[in-house]
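Below is one structure, written out as structure tokens; comments come after it.
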Amino acid sequence: MSTDPKSPAPVSVASLAGRALGMLAVLTLLTGVLYPLLVTAVAQLAFPERARGSLIALDDKVIGSRLVGQPFAEPKYFWGRPSATSPVPYNAGASAASNLGPTNDALTKAARDRVEALRAVDPENVAPVPIDLVTASGSGLDPHISPAAAAYQLRRVARARGLPEERVRELVAAHTEGRDLGVLGEPRVNVLLLNLALDRLDRGGA
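For the sequence shown, numbering that gives the first Met the number 0 gives the first residue as 0, with consecutive numbering after it.
Laid out in structure tokens, this is it:
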């Protein structure tokens, strides 16, 4: 045992454990309580709608979020991207992709089935099906489709609703979002907002 007066005094296991637990408590308080509360407060002040989930209400009833897709299967609606979440599509509590590789037979079959479903509701449309209408996004929650995917469905929707194609095209253009900051991402169409606009038009709204 060293008798050097300059050598540090031995530290007990209990002392080390106490310091570790104290640090854990402080960090838990800072990162698990104070930081989330601060971020939530700032978000509520600066972006109240987004902080609440960008929810959409109809007749005082929440019917969805502009950030999460919904399944549509009727010809009168624009269809969104497929969703691989379980146990139901667009399950925000289980965001996930299919994790199927490009050579997986299950992925090929899912894409083929989707193409057949699109062809079945619009047999006269022989144009190539845009890729985002047959493949799920990485999150399984994507609320958008490409302008090309909207254009592919435009004639079917107009015919199903008895609307002029040009009027539906105007609605698609009005609901097409540009690149973020002008350079990030791609132009996209929010499917839920577009379909709600079509329903309003049917009810005699703007």
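For each residue, glycine too, the CB sits at the ideal point set by N, CA and C.
Here the structure is a predicted model, which means the values were calculated and not measured.
Consult DSSP for residue i and reduce its assignment to one of helix, strand or coil.
i       : result
Ser-64  : strand
Val-188 : strand
Glu-176 : strand
Leu-183 : strand
Ala-95  : coil
Leu-170 : helix
Leu-29  : helix
Pro-106 : The sequence as given places Leu at residue 106; Pro does not occur at that position. Of the three classes helix, strand and coil, the one that applies to Leu-106 here is helix, per DSSP.
Ala-159 : helix
Leu-54  : strand
Can you round the beta-carbon distance between residue i and residue j to whole angstroms, since I take them to be within the 8 angstroms contact cut?
i       : j       : result
Ser-136 : Arg-80  : 6 angstroms
Leu-140 : Ala-91  : 6 angstroms
Ser-94  : Ser-138 : 5 angstroms
Ala-149 : Phe-77  : 6 angstroms
Val-61  : Pro-142 : With 8 angstroms as the limit, Val-61 and Pro-142 do not qualify as a contact, their Cβ atoms being about 15 angstroms apart.
With a Cβ-Cβ cutoff of 7 angstroms, do residue i and residue j count as a contact?
i       : j       : result
Val-133 : Val-114 : yes
Arg-199 : Pro-74  : no
Ala-157 : Val-171 : no
Ala-83  : Ala-96  : yes
Which term fits residue i, buried or exposed, when burial requires 16 or more other beta carbons within 10 angstroms of its beta carbon?
i       : result
Leu-191 : buried
Tyr-89  : buried
Leu-197 : buried
Asn-194 : buried
Gly-161 : exposed
Ser-85  : exposed
Asp-131 : buried
Pro-186 : exposed
Pro-129 : buried
Gly-177 : exposed
Gly-181 : exposed
Gly-63  : buried
In angstroms, rounded to a whole number, what distance separates the CA positions of residue i and residue j?
i       : j       : result
Leu-37  : Ala-116 : 47 angstroms
Arg-118 : Asn-124 : 7 angstroms
Glu-164 : Gln-152 : 11 angstroms
Ile-55  : Val-188 : 16 angstroms
Ala-110 : Gln-69  : 18 angstroms
Ser-14  : Ala-40  : 38 angstroms
Ala-42  : Asp-59  : 23 angstroms
Lys-108 : Pro-122 : 20 angstroms
Thr-27  : Pro-127 : 53 angstroms
Leu-99  : Leu-44  : 41 angstroms
Glu-169 : Pro-35  : 42 angstroms
Ala-24  : Ser-11  : 20 angstroms
Arg-51  : Gly-31  : 20 angstroms
Ser-53  : Asp-179 : 17 angstroms
Confirm the yes/no value for this check: CB of residue i, any heavy atom of the ligand SAM, distance under 6 angstroms.
i       : result
Thr-107 : The ligand SAM is not part of this structure, which contains no ligands at all.
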